[in-house]
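Protein chains: 2
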Amino acid sequence: MSVTTAVSEDAPLALVCGGGSLPLAVADHVAARGRRVVLFPVRGAAAADDFAKRPHHWLYPGQLGRFSRLARSAGCSDVVFIGWLVRPALWQIRPDLTALMLLPRVAAAFRGGDDHLLTGMARIVEDCGFRLRGAHEVAPEILVPIGALTRRVAVERELADVALGLEYLQATSPFDVGQAVVVADRHVLAAEAAEGTDGMLARVAELRKGGRIRAPRGTGVLVKAPKRGQDRRLDLPSIGPQTVENVVNAGLGGIAVTAGNTITAEPARLVQAADAAGIFVVGVPAAAT
Amino acid sequence: MSVTTAVSEDAPLALVCGGGSLPLAVADHVAARGRRVVLFPVRGAAAADDFAKRPHHWLYPGQLGRFSRLARSAGCSDVVFIGWLVRPALWQIRPDLTALMLLPRVAAAFRGGDDHLLTGMARIVEDCGFRLRGAHEVAPEILVPIGALTRRVAVERELADVALGLEYLQATSPFDVGQAVVVADRHVLAAEAAEGTDGMLARVAELRKGGRIRAPRGTGVLVKAPKRGQDRRLDLPSIGPQTVENVVNAGLGGIAVTAGNTITAEPARLVQAADAAGIFVVGVPAAAT
């Protein structure tokens, strides 16, 4: 191991936090490994209450100079982006001088799909001299392992739905679109795009309420997989207790994610919720498509 | 032309009618060609008011014997299925003796996706001695032609969105799933599955209301295309004035459909609505994917 790497793994980690419970869970995992974490919650995404009791620095989208200055003075060289981040509208961005100097790059990142935006942001952060890491690199315990996580396991009929879902996600992977699909009885009920996984599951719940779904309650699977060519440091699919709740409301029987590249920051809470609801959660091989 | 064909083209046409304005519009087109039409509205889909003033025979889903008897005694040998038909729940079906005799086929038709259901129904009707025709075969004027239908025409940026949408639909075509997608600024905003085109457009309207769509109002395209290998006699995509209204509510700029295999039963009303709203409607070559 080179000295540089050793130093940077020991140095504090800058954690840029979007919304949801994932950021603080990751912060706790990293801290438990003995590494100091400097939190940068992003306004409009992160919730103020969550950060009240921890040292943190708020960022508006676009405050590149502020981030660079504060992270550097805290001794950080590694940066992790974690949590959901609704693509901000242009008027919500408050570019500081550093961001303005990099404006062509920022603007380029803003065109195209979400992949493009995130990849663009990653490049900009690296231009500022930081090293972008994935949350799973600094806290590997958040990755879903292979096999059943729950008491209930997927039966053959359900595994056939999982296989169909993975095939569908592979076919749409080149389009920089959602990473999830709902399949029941070998029938694609919903495909995710801009609405996100929660929005898609809410739709399935509505369709079921309206009698539009033939498969009986308790059947059907939420399948999630990363897009092909996706930068794993930025946008791995994630599941949590809220996903379980939404899957139950949608009347599905379980969740399948690709093992080793799906994040769950609170595995104990996830499994507890799934077992209580009687649904299965399974990590499947990413190559089993 | 053989005698058989001549006879069957002259004989009355049995029109099995689902919901929406399409069935009666098709009936009028066929009648205008001098061919008698016998209407079979399906309970749970067709609206009673629409049929009050025309001779008709109501059908429950599953009344194969009743349909065969009535259609045959009216001298029909050709059958067209037209209009939306929500996949009925098993308890909504009232199989008569003929349907019960064909039960294994009916059951087989009920497994799998919608394509499977429709193809199964087609085979059953043909087993009963009828010839299944497409609505566009008995009334070719309902097919959308190639080129712009509206005053507003799609510009280059919009045509790029159309091309991306057609590519996406081609990629998902093997999955017996929806036939429509919404693309804005080369970004897939929504993909249709069990919710149908109207449901998908309502979602885009909601996303826009919630500030989740970056593309400004008036940009973005609804793209529709038939699935590969789809039986054209049964399930061609269709658009109408309601589609225009939903596209406007979703804040999109236009509609693109594949020419020669998309139905619009009321082209004058469609174009009038689109011109009034300032959106474009264009028929694109099906091979331009």
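Sequences listed follow chains A and B, in order. Taken in order, the first sequence gives residues 3 to 291; the numbers are from the numbering used here. Taken in order, the second sequence gives residues 3 to 291; the numbers are from the numbering used here. Beta carbons: idealized from backbone N, C-alpha and C, even for Gly.
Counting only C-beta atoms, is residue i closer than 8 Å to chain A at any point?
i, result
"Thr174 of chain B", "yes"
"Val190 of chain B", "yes"
"Phe282 of chain B", "no"
"Leu171 of chain B", "no"
"Ala193 of chain B", "yes"
"Gly179 of chain B", "Looking at the sequence shown, residue 179 of chain B is not Gly but Val. Yes, because at least one Cβ of chain A sits closer than 8 Å to the Cβ of Val179 of chain B."
"Ala290 of chain B", "In this predicted model, Ala290 of chain B has a pLDDT of only 42, less than 50, meaning its place in the structure is not dependable; the value taken from the coordinates is given anyway. No - not a single Cβ of chain A is within 8 Å of the one on Ala290 of chain B."
"Val9 of chain B", "Confidence is the limiting factor: at Val9 of chain B the pLDDT is only 46, short of 50, which leaves the residue's position unreliable, though a coordinate-based value still follows. No, no contact with chain A."
With 16 as the cutoff for other CB atoms within 10 Å, does residue i come out buried or exposed?
i, result
"Ala48 of chain B", "buried"
"Ser75 of chain A", "exposed"
"Lys229 of chain A", "buried"
"Gly220 of chain B", "exposed"
"Arg210 of chain B", "buried"
"Gly256 of chain B", "buried"
"Lys55 of chain A", "exposed"
"Val157 of chain A", "exposed"
"Arg153 of chain B", "exposed"
"Ala275 of chain B", "buried"
"Glu160 of chain B", "buried"
"Gly149 of chain B", "exposed"
"Asp187 of chain A", "buried"
"Glu194 of chain B", "buried"
"Pro25 of chain B", "buried"
"Ala50 of chain A", "exposed"
"Asp12 of chain A", "exposed"
"Asp129 of chain A", "exposed"
"Gly22 of chain B", "buried"
"Gly201 of chain A", "buried"
Could you list which residues in chain A have their beta carbon closer than 7 Å to that of residue i, in chain order?
i, result
"Ile257 of chain B", "Near Ile257 of chain B there are no residues of chain A at all, since even the closest Cβ is about 18 Å away, more than 7 Å."
"Leu209 of chain B", "Ala196, Glu197"
Cβ of residue i less than 8 Å from any chain B Cβ?
i, result
"Ile215 of chain A", "yes"
"Ser4 of chain A", "Confidence in Ser4 of chain A is poor, its pLDDT being 38 and thus under 50, which makes the residue's placement unreliable; the coordinate value appears in the next sentence. Closer than 8 Å: no."
Cβ closer than 8 Å: which chain B residues qualify as neighbours of residue i?
i, result
"Tyr62 of chain A", "Within 8 Å Cβ-Cβ: nothing; Tyr62 of chain A doesn't reach chain B, min ~17 Å."
Chain A partners of residue i, CB-CB under 8 Å?
i, result
"Arg205 of chain B", "Glu197, Gly201, Arg205"
Would you mind telling me which residues of chain A sit closer than 9 Å to residue i, beta carbon to beta carbon, in chain order?
i, result
"Phe132 of chain B", "By Cβ distance, chain A contributes nothing, its closest Cβ being about 26 Å from Phe132 of chain B, past 9 Å."
List the whole-angstrom C-beta distance separating residue i from residue j, where the pair is believed to meet the contact cut-off of C-beta under 8 Å.
i, j, result
"Ala33 of chain B", "Glu268 of chain B", "With 8 Å as the limit, Ala33 of chain B and Glu268 of chain B do not qualify as a contact, their Cβ atoms being about 15 Å apart."
"Val183 of chain A", "Ala192 of chain A", "7 Å"
"Cys19 of chain A", "Pro43 of chain A", "5 Å"
"His31 of chain B", "Glu139 of chain B", "That pair is no contact at about 12 Å."
"Val283 of chain B", "Ala261 of chain B", "About 11 Å; that fails the 8 Å criterion."
Using a Cβ-Cβ distance under 8 Å, would residue i count as near chain E?
i, result
"Pro25 of chain B", "The structure shown has no chain E; the protein chains it does contain are A and B."
Quiz item: Any residues in the stretch 136-163 of chain A with a beta carbon nearer than 7 Å to a beta carbon of chain B? Which ones, in chain order?
Solution: Cβ contacts with chain B come from no residue of the stretch 136-163 of chain A.
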